[in-house]
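Below you'll find the structure, written out as structure tokens, and then a few comments.
2 protein chains.
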Amino acid sequence: MTKNLITILSSATQTVEISRDNPTVIIGERINPTGRKAVLAALQEGKFDIVRQDAIDQVAAGATVLDVNAGVPGADEPQLLKQVLRTVMDVTDVPLCIDTANPIALAAALSTYEGKALVNSVNGEEKSLAAVLPLVREHEAAVIGLCMDDNGIAATPEARLTVAAKIIERANKSGIPAENVVIDPLALTMSSDSNAGRIALETIKLVVQEFGVNITMGASNISFGLPDRKYVNSAFIAMAIHAGLTCPITNPLVTEVVTAVLAADLAMGRDEYAMRWIRAYRQRQKAAQ
Amino acid sequence: MTKNLITILSSATQTVEISRDNPTVIIGERINPTGRKAVLAALQEGKFDIVRQDAIDQVAAGATVLDVNAGVPGADEPQLLKQVLRTVMDVTDVPLCIDTANPIALAAALSTYEGKALVNSVNGEEKSLAAVLPLVREHEAAVIGLCMDDNGIAATPEARLTVAAKIIERANKSGIPAENVVIDPLALTMSSDSNAGRIALETIKLVVQEFGVNITMGASNISFGLPDRKYVNSAFIAMAIHAGLTCPITNPLVTEVVTAVLAADLAMGRDEYAMRWIRAYRQRQKAAQ
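Those protein sequences? They're chains A and B, same order as listed.
The numbering of the first sequence is our numbering, which starts it at 293 and goes up by one.
The numbering of the second sequence is our numbering, which starts it at 293 and goes up by one.
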């Protein structure tokens, strides 16, 4: 029997349990200036209205964790990330995922955050492990481990499993238990490599079999460059949930993807009497009126 | 490594290879009077126009095998099934799946059919095994084995695996190799049992691990009684393909389900350069004009 570790995240007032025995946790991806010009411009001007609205809308659409990224080129990221975090904590109660490549910004954000955050992310590079794991340990946070290292992104599921194993082992040595490591297999775009989806799915399967840890993934990159992306993303996220994905990072405002997640939970026996499915259907009906 | 058996079906002029190394084979379900009043009425009157149109439409929509059922209450099924088969063979070239619970009709149909048919179906009941397997052997056909027996439909994946094992073993003893047995795990409705999807998916996984045979399934029953069925069916069929489903019996005229199958094949690395996905997208665009 595969073990199913439970990752617990919290805000000041709420707790979220990520596990293959629970419904899938959607981590809302929208509070991120990368590729979103309106967010970038607002953050550059020190305006946070769009962040507030993104936070409220994503939680209303079903996100139970929000990713927060304040990576604005040229800005004081430690300061800005703290401001954005406070803004989000003021309007929502869900646990947050602190998304930065800057260890100083990460330290500042973890000091500001109230609760147990998810850190996005560490990877298998020595530099990343050395900078991120001590902070995660110190603040008793959880951390996303990306399946890449000093050699880049491995081409095979087996090689990605090796990177995941290294991250989990190094986390353990730093005093972070496996249940606080969430692995991201990395889903590359299928338009440039037809095997990108298969490799990500197979990596999830291997990592879950070996370690029973929770799995996250950005689930929209996979369809970049293809037509009718929402259908590709919907099928892929349902298959990834079947493989063991537990907390995708995605845009909950895309109805098709959220619907695929709810349908996948139903098919996995995680929606007793289909109550969540039926409630979501009624909400869609109401929203369409 | 799991073995992947290849099931070959043929018509007079075409061959279809069912395997986890190939794109999913859609078996069109529409030529069936059960639950379709128009088909029932037409067959009762000896009119076959609707059958012709169903055959042509389903192949155009992507079915590469067609299920043919002529179970009209009170009719001479052996005679009617032969007529319907001939009608379908006149307008399409795809291999056929002969769908009857009547051994006399099955014998008549197999004698009429030109090529290697798929027989729908045998199950683990002694009576069924004794009646169907000798006919399948005699005509060198392939056969669908339903995971049910004299005790009904088992409640657990492990018990369904046992029934599948029995059918495969008895087929072998009758001279039918495992590659000519296609197992149906049976997907019951999730509205009456929240675990119905999970049990079907887990059964597929176990049967594939153990025997490497091909897997079929009626993929729409699962959502009976639920709202927005097409979304449930789409997610479920993608997940089932990930589990090992290779030849679902479904309605290819439901765009969402066919699209989910194409997206699932893409995610499984069975669509090089996404060529099938892009071609299908262009066809949808053209059809919408």
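Using N, Cα and C, we set each Cβ at its ideal position, and we do this for glycine too.
I think Val386(B) touches Val360(B), with their Cβ atoms under 8 angstroms apart; what is that distance to the nearest whole Å? As a working note, residue 386(B) is residue 94 in the second sequence. As a working note, residue 360(B) is residue 68 in the second sequence. Incorrect: roughly 11 angstroms between the Cβ atoms, too far for contact.
Which residue marks the beginning of the alpha helix (DSSP H) containing Gly489(B), and which one marks its end? Position 197 of the second sequence, counted from the first residue, corresponds to residue 489(B). 488 to 503 is the extent of the alpha helix (DSSP H) around Gly489(B).
Is the distance from the Cβ of Leu311(B) to the Cβ of Gly407(B) below 9 angstroms? Here residue 311(B) refers to the residue found at position 19 of the second sequence. Here residue 407(B) refers to the residue found at position 115 of the second sequence. According to the sequence displayed, residue 311(B) carries Ser and not Leu. For Ser311(B) and Gly407(B), no; Cβs fall outside 9 angstroms.
For a contact defined as C-beta to C-beta under 7 angstroms, what are the partners of Asn487(A) on chain B? Numbered from 1 along the first sequence, position 195 holds the residue referred to as residue 487(A). Within 7 angstroms Cβ-Cβ: Gly561.
Pairwise C-alpha distance: Val500(A) and Leu537(A): One-based indexing of the first sequence puts residue 537(A) at position 245. One-based indexing of the first sequence puts residue 500(A) at position 208. Near 9 angstroms, if we compare the C-alpha coordinates of Val500(A) and Leu537(A).
So which of Gly444(B), Ala470(B), Ala446(B), Val357(B) has the shortest CA-CA distance to Val428(B)? The sequence position of residue 428(B) within the second sequence is 136, counting from 1. Closest by alpha carbon: Ala470(B).
Should Gln577(A) be labelled buried (16 or more other beta-carbon atoms within 10 Å of its own) or exposed? Stepping through the first sequence from its first residue, residue 577(A) is reached at position 285. With fewer than 16 Cβ atoms within 10 Å of its Cβ, Gln577(A) is classed as exposed.
Using the three-state DSSP reduction, which class does Leu518(B) fall into: helix, strand or coil? Here the question's residue 518(B) lines up with position 226 in the second sequence. Correct three-state label for Leu518(B): coil.
Smallest Cα separation from Leu554(A): which of Met440(A), Thr404(A), Ala572(A)? As a working mapping, residue 554(A) is identified with position 262 in the first sequence. When each option's Cα is compared against that of Leu554(A), the closest is Ala572(A).
Please determine, among Ile514(B), Gly517(B), Leu558(B), the residue with the shortest C-alpha to C-alpha distance to His534(B). As a position in the second sequence, residue 534(B) is number 242, starting the count at 1. Selected option, being the one with the closest Cα: Leu558(B).
Residues of chain B with a CB under 9 angstroms from the CB of Phe528(A): which are they? By one-based count along the first sequence, residue 528(A) stands at place 236. Result: Ala530, Ala555, Ala556, Leu558, Ala559.
Could you name the residues of chain B that Asn520(A) contacts, counting a contact when the two beta carbons are closer than 7 angstroms? The count along the first sequence starts at 1 and reaches residue 520(A) at position 228. It should be noted that the sequence gives Asp, not Asn, for residue 520(A). Tyr573, listed in chain order.
Which residues bound the beta strand (DSSP E) around Asp476(B)? Stepping through the second sequence from its first residue, residue 476(B) is reached at position 184. It spans 473 to 476 - the beta strand (DSSP E) in which Asp476(B) sits, taken as one unbroken run.
Is it buried or exposed, Tyr617(B), if we count other Cβ atoms within 10 angstroms and call 16 or more buried? Only positions 293 to 581 of chain B appear in this structure, which leaves residue 617(B) out of reach.
Going by DSSP in three states, Met293(B) sits in which element: helix, strand or coil? Counted from its first residue, the second sequence places residue 293(B) at position 1. For Met293(B), the pLDDT reaches just 47, beneath the cut-off of 50, and the residue's location in the model is therefore unreliable, although a value from the coordinates is still provided. Coil at Met293(B), not helix or strand.
Taking any Cβ of chain A, which residues in the region 530 to 552 of chain B have a Cβ under 7 angstroms from it, in chain order? Ala530, Met531, His534, Ala535, Thr551, Ala552
Would Val524(A) count as contacting chain B if we go by Cβ distances under 9 angstroms? In the first sequence, the residue the question calls residue 524(A) occupies position 232. So, interface residue.
Which residue's Cα is closest to the Cα of Asn525(B): Asn525(A), Ala556(A), Leu498(A)? The residue you call residue 525(B) lines up with position 233 of the second sequence. Checked all of Asn525(A), Ala556(A), Leu498(A); the closest Cα to Asn525(B) is Ala556(A).
Pro315(B) burial status per 10 Å Cβ neighbour count (16 or more: buried): Within the second sequence, residue 315(B) is the residue found at index 23, counting from 1. Buried, since its Cβ has 16 or more Cβ neighbours within 10 Å.
Any idea what DSSP makes of Val414(B), helix, strand or coil? The residue given as residue 414(B) occupies position 122 in the second sequence. In this structure, Val414(B) counts as strand in the three-state DSSP scheme.
Closest to Thr392(A) by C-alpha separation, out of Glu461(A), Glu430(A), Asp368(A), would be which residue? The sequence position of residue 392(A) within the first sequence is 100, counting from 1. Nearest option by C-alpha distance: Asp368(A).
State the beta-bridge partners of Ala434(A) as determined by DSSP. Your numbering for residue 434(A) matches position 142 in the first sequence. Looking at the DSSP assignment, Ala434(A) forms a beta bridge with Leu410(A).
Compute the Euclidean distance between the alpha carbons of Pro449(B) and Thr495(B), then round it to the nearest angstrom. The count along the second sequence starts at 1 and reaches residue 449(B) at position 157. The count along the second sequence starts at 1 and reaches residue 495(B) at position 203. If you take the alpha carbons of Pro449(B) and Thr495(B), they lie about 5 angstroms apart.
Where the beta strand (DSSP E) through Thr307(B) begins and ends: For the purposes of this step, residue 307(B) is identified with residue 15 of the second sequence, where counting begins at 1. 307 to 310 is the extent of the beta strand (DSSP E) around Thr307(B).
Return the chain-ordered list of same chain residues with a C-beta closer than 6 angstroms to the C-beta of Leu545(B), the five sequence neighbours on each side being excluded. Residue mapping note: residue 545(B) aligns to position 253 of the second sequence, counting from 1. Ala353, listed in sequence order.
If you draw a straight line from the alpha carbon of Ala433(B) to that of Glu502(A), how long is it in whole angstroms? As a first step, residue 433(B) is located in the second sequence; it is residue number 141 there, counting from the start. As a first step, residue 502(A) is located in the first sequence; it is residue number 210 there, counting from the start. Each residue's alpha carbon lies about 41 angstroms from the other.
Give me the residue from Val505(A), Leu498(A), Val435(A) with the minimum Cα distance to Leu398(A). Here residue 398(A) is taken as the residue at index 106 of the first sequence, counted from 1. Checking every option, the nearest Cα to that of Leu398(A) belongs to Val435(A).
What residues from chain A crowd round Leu493(B), counting only those whose CB sits closer than 8 angstroms? Translated into the one-based positions of the second sequence, residue 493(B) becomes position 201. His534, Ala559, Met560, listed in chain order.
Please look up how many angstroms separate the CB atoms of Ala347(A) and Ile323(A), rounded, as I've assumed it's under 8 angstroms. As a working mapping, residue 347(A) is identified with position 55 in the first sequence. As a working mapping, residue 323(A) is identified with position 31 in the first sequence. At roughly 7 angstroms, the Cβ-Cβ gap stays under 8 angstroms, so Ala347(A) and Ile323(A) are in contact.
Shorter than 9 angstroms from the beta carbon of Ala446(B) to some beta carbon of chain A? Here residue 446(B) is taken as the residue at index 154 of the second sequence, counted from 1. It does not: the Cβ of Ala446(B) has no partner Cβ on chain A nearer than 9 angstroms.
Strictly below 9 angstroms CB to CB, what residues from chain A border Ala579(B)? Reading the second sequence from its first residue, position 287 is the one you call residue 579(B). Under the 9 angstroms cutoff, chain A gives no residues; its nearest Cβ is about 13 angstroms from Ala579(B).
So, is the C-beta of Tyr405(B) closer than 9 angstroms to a C-beta in chain A? As a first step, residue 405(B) must be located in the second sequence, where it is residue number 113. By this cut-off, Tyr405(B) is not an interface position.
Any beta-carbon of chain A closer than 9 angstroms to the one on Glu450(B)? Residue mapping note: residue 450(B) aligns to position 158 of the second sequence, counting from 1. Answer no: the Cβ-Cβ gap between Glu450(B) and chain A never drops below 9 angstroms.
Report the rounded CA-to-CA distance for Met567(B) versus Asp341(A), giving the unit in angstroms. As a working note, residue 567(B) is residue 275 in the second sequence. As a working note, residue 341(A) is residue 49 in the first sequence. If you take the alpha carbons of Met567(B) and Asp341(A), they lie about 43 angstroms apart.
In chain order, what residues of the same chain lie with their CB nearer than 8 angstroms to the CB of Ala552(A), ignoring the 5 residues before and after it? Counting from 1 along the first sequence, the entry for residue 552(A) is found at position 260. Counting only Cβ-Cβ distances below 8 angstroms, and skipping sequence neighbours, we find Asn525, Ser526, Ala527, Ile529, Ala530.
Residues of chain B with CB closer than 8 angstroms to the CB of Ile570(A), please, in chain order. Residue mapping note: residue 570(A) aligns to position 278 of the first sequence, counting from 1. The contacting residues are Leu518, Pro519.
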